[in-house]
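Note sheet for the following structure.
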Amino acid sequence: MSNRLKSTAALAAVLISIAAGSASAETARIFWKDLRPATQAAAESVGLPMIAAKMPDHGETLSLNLQDKTIQLAGYALPVDREGDLVYQFLLVPWTGACSHMPTPPPNQIVLVTPAHPYRSEAYQPVSVTGALEPGMEKSQLFIVDGASVIQSGYAVRKAEVVDVDVVPDTITQPANSPWRFLNKKKN
Numbered sequence: 058m059s060n061r062l063k064s065t066a067a068l069a070a071v072l073i074s075i076a077a078g079s080a081s082a083e084t085a086r087i088f089w090k091d092l093r094p095a096t097q098a099a100a101e102s103v104g105l106p107m108i109a110a111k112m113p114d115h116g117e118t119l120s121l122n123l124q125d126k127t128i129q130l131a132g133y134a135l136p137v138d139r140e141g142d143l144v145y146q147f148l149l150v151p152w153t154g155a156c157s158h159m160p161t162p163p164p165n166q167i168v169l170v171t172p173a174h175p176y177r178s179e180a181y182q183p184v185s186v187t188g189a190l191e192p193g194m195e196k197s198q199l200f201i202v203d204g205a206s207v208i209q210s211g212y213a214v215r216k217a218e219v220v221d222v223d224v225v226p227d228t229i230t231q232p233a234n235s236p237w238r239f240l241n242k243k244k245n
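For the sequence shown, counting from 1, position 16 maps to 73 in the numbering used here; every step adds exactly one.
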C-alpha cells in the first residue's frame, strides 16, 4: 500500500472514531423541571418567589438520574466571580431577578457554572450551558449592591461551554402584580 493510501486510511479511522465517540456522548437538552422531583410544585403553582423555605425538603432533593450526563440548559447568568465583563464563574438561575432582587430559588433550581474559558457577560444575560451535570450542594458568595449573600446551588457544571441565547424556553415571567415585574425582559 502506498504511503498516501495509508495516510488516507489512517485519517478515515480517526474520523470514524471521533464520530463514534461523539455519538456515545449525546447531549440531553433539559429544562428546569428536570432538576427537581416530579412531586415538587413548579414555581408557577406556588407563586413567585418560589423559595426553599416553602418546600418540605427545602429544595434539596436533586435529580440524580442526570448525574455525569452531558446536558444543555438555558437560564440566566448571575456572575459570582468576575473581573470587569469577564466572568469566571456564575450561577445559572431560571428567571431574572433570582438571588439578587428577590428571595433565592431552591438549590435544585440553581446551577453553579464554571465556563471552560472566561465568558463576557452581564448580570441576568440569557445563556445556554453545555457540560457534565454534577449533583451536589455547594455554597457560593454572591456580592450584590446591598451586600453579600451566600447562595446554595444543587448542581454544578464545570468546564462548560456557554453561549448567548435570545430566549430561555421555560423561563418564568413575573406576575403583573409583582414588584419585580420590571425584570421581565421583552424583545423588541
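The beta-carbon is built from N, C-alpha and C at its ideal position, and this holds for glycine as well.
Cβ shell of residue i (< 6 Å), same chain only, five flanking positions each side left out
i: T25; result: What the structure shows of the chain is the stretch from 58 to 245, and residue 25 is not part of that stretch, so it cannot be assessed.
i: T171; result: Q146 and R215
i: I87; result: I128 and L130
i: D138; result: Y145 and Q146
i: E140; result: none
i: A134; result: F147, S178, Q182 and V184
i: V220; result: S185
i: P175; result: L143 and Y145
Neighbour-count burial assignment, residue i, 16 or more Cβ in a 10 Å radius
i: V144; result: buried
i: V225; result: buried
i: T84; result: exposed
i: I167; result: buried
i: S206; result: exposed
i: T65; result: For T65, the pLDDT reaches just 45, beneath the cut-off of 50, and the residue's location in the model is therefore unreliable, although a value from the coordinates is still provided. So T65 counts as exposed.
i: G78; result: Because the pLDDT of G78 is 43, which lies under 50, any placement of that residue in the model is unreliable, and the number read from its coordinates should be weighed accordingly. So G78 counts as exposed.
i: T153; result: buried
Residues bridged to residue i [DSSP beta-bridge criterion]
i: Q146; result: D138
i: S197; result: I208
i: V225; result: The partner list for V225 (beta bridge, DSSP) is empty, contrary to what the question assumes.
i: Q182; result: A134
i: L121; result: BP columns for L121 are empty, so no partner.
i: A85; result: I128
Presumed contact (8 Å Cβ cut-off) between residue i and residue j, rounded CB distance
i: V150; j: P162; result: 6 Å
i: G132; j: P164; result: At roughly 14 Å, the Cβ-Cβ gap does not stay under 8 Å, so G132 and P164 are not in contact.
i: S185; j: Q124; result: About 20 Å separates the two Cβ atoms, so there is no contact after all.
i: L121; j: P192; result: 6 Å
Where the beta strand (DSSP E) through residue i begins and ends
i: T171; result: V168 to P172
Other residues of its chain near residue i: CB distance less than 8 Å, five sequence neighbours each side excluded
i: R177; result: D142, L143 and V144
i: E195; result: L169, Q209, S210 and A213
i: S81; result: Reliability of the predicted coordinates at S81 is poor, the pLDDT of 43 falling under 50, and no value is obtained from them.
i: K126; result: A85, A189 and L190
i: A180; result: A134, L135, P136 and S157
Beta-carbon proximity list for residue i, same chain, < 7 Å, skipping 5 on both sides
i: A173; result: K216, A217 and E218
i: V222; result: A131, P183, V184 and S185
i: Q198; result: A205 and V207
i: F200; result: none
Closer than 6 Å: residue i CB and nearest the ligand GTP heavy atom
i: P172; result: Only the bare structure without any ligand can be found here, which leaves the ligand GTP out of the picture.
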